[in-house]
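Heads up, the thing below is written out as structure tokens.
In the numbering used here, the protein residues as written are 497 to 786.
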């Protein structure tokens with residue numbers, strides 16, 4: 497059999513270039529993935545992989561929180577603040593909050609108690625405006641201390657009310673709703689930590705679990721919509737860059753939300769109330785010490 501030059505060349509190449517080993521293939525794949533991730537982070541204008549992990553971690557936590565595992569929101573706040581800076585992270589978190597709020601409203605849309613939503617929103621808007629005005633000259637650490645102390649004192653009140661419920665006529669008074677709305681609006685604008693204040697108020701109203709979750713979902717959707725233009729036009733903490741960074745987290749938020757739904761379904765009513773109290777207390781102490 498006579499070999500053509502082409503066949504001879506191919507045979508020689510097969511001898512000279514054996515099939516790569518599995519280890520070499522794995523190294524090549526890791527090398528390719530590493531460079532694609534670097535290009536992806538450069539496109540998103542992230543400073544390193546730690547920021548990408550923090551962003552995805554906060555998005556997953558937020559999905560869990562918006563499903564009804566209350567108190568987890570404040571775990572995402574220090575995670576982003578540590579990696580993006582305290583003030584910048586507040587704006588970065590707002591679109592993530594809004595995405596979670598939309599999922600929560602869709603799921604709990606028939607469970608809201610609109611009486612409490614309407615009582616809370618006007619005072620909350622005032623709280624947001626006050627926070628915008630003072631946000632540039634009040635020390636962030638001071639805000640953390642104020643929020644932590646208020647939440648812990650409020651939790652002490654809730655634990656007391658668990659044993660000694662108030663007269664129903666008192667809980668229907670509009671003053672507690674105004675105070676809670678004002679404090680909730682202020683704290684959610686300053687550091688996205690309005691959740692514990694709302695938890696305290698809604699728990700004191702002794703709402704059923706689904707009504708609690710539906711009312712909170714609508715309240716935070718509305719108040720986060722109010723916050724957005726202040727972050728964009730006044731504080732400049734929301735931009736096209738941060739919106740692009742947030743956009744990639746939406747699937748992660750959805751995954752966290754639907755996992756959280758399955759967890760919430762398995763928690764009985766009484767245990768659910770205790771879970772809210774315990775988790776809120778833990779994160780309030782964490783905020784106090786951070």
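All C-beta atoms, glycine included, are put in the ideal place defined by N, C-alpha and C.
Does the stretch 711-723 touch the stretch 596-605, meaning 3 or more C-beta pairs lie closer than 8 Å? Output reads yes: the stretch 711-723 touches the stretch 596-605.
Starting from the Cα of residue 589, find the closest Cα among 781, 752, 755, 745 and give me that residue. When 781, 752, 755, 745 are compared, the shortest CA-CA separation from residue 589 is found for 745.
Distance, Cα to Cα, residue 703 vs residue 725? Computed Cα separation, rounded: 32 Å.
Mark residue 727 as exposed unless 16 or more other C-beta atoms lie within 10 angstroms of its C-beta, in which case mark it buried. In this structure residue 727 is buried. Its beta-carbon is surrounded by 16 or more other beta-carbon atoms within 10 angstroms.
Check the C-beta distance from residue 614 over to residue 748 and give it rounded, since I have them as a contact under 8 Å. About 33 Å separates the beta carbon of residue 614 from that of residue 748, a gap too long to meet the 8 Å contact definition.
Distance check for residue 708 and residue 790, CA to CA, integer angstroms please. Limits of the chain in this structure are 497 at one end and 786 at the other, which puts residue 790 out of reach.
Going by beta carbon distance, what residues of the same chain come within less than 8 Å of residue 550, once the five residues before and after it are set aside? If we look at residue 550 and ignore the five residues flanking it on each side, its Cβ neighbours are 575, 576, 578, 579, 580.
Cα-Cα separation, residue 637 to residue 527: Those two C-alpha atoms are separated by around 42 Å.
Ordered along the chain, which non-local residues of its own chain (more than five positions away) have a Cβ less than 7 Å from that of residue 565? Listed in chain order, the non-local C-beta contacts of residue 565 below 7 Å within the same chain comprise 756, 759, 760, local neighbours out to five positions each way being set aside.
To the nearest angstrom, report how far apart residue 777 and residue 768 are at their CA atoms. The straight-line gap from Cα to Cα measures roughly 14 Å.
For residue 669, the three-state DSSP class (helix, strand or coil): In the structure shown, residue 669 sits in coil (DSSP, three-state: anything other than H, G, I, E or B).
Would residue 780 and residue 648 be called neighbours here (beta carbons separated by less than 9 Å)? Contact flag set, yes.
Is the beta carbon of residue 455 less than 9 Å from the beta carbon of residue 628? With the chain covering 497 to 786 only, the question about residue 455 has no answer from this structure.
Since residue 743 and residue 676 should fall inside the 8 Å C-beta cutoff, what is the C-beta to C-beta distance between them, to a whole number of angstroms? Wrong, their Cβ atoms sit about 33 Å apart, outside the cutoff.
Residues in its own chain within less than 6 Å of residue 674 by CB, not counting five upstream and five downstream? Correct list, in chain order: 619.
Apply the 10 Å Cβ neighbour rule to residue 541 and answer buried if 16 or more other Cβ atoms are within range, or exposed otherwise. Around the beta carbon of residue 541, fewer than 16 other beta carbons sit within 10 angstroms, so the residue counts as exposed.
With DSSP run on the structure shown, which of helix, strand or coil describes residue 545? Residue 545 falls in the helix class under three-state DSSP.
According to DSSP, simplified to helix, strand and coil, what is residue 745? The answer is coil: DSSP assigns residue 745 none of H, G, I, E or B.
Candidates 612, 723, 732, 607, of which the one nearest residue 671 by Cα: Across the set 612, 723, 732, 607, the C-alpha of 612 shows the shortest separation from the C-alpha of residue 671.
State the Cα-Cα distance for the pair residue 752 and residue 607, rounded to the nearest angstrom. Rounded to whole angstroms, the gap between the alpha carbons of residue 752 and residue 607 is 21 Å.
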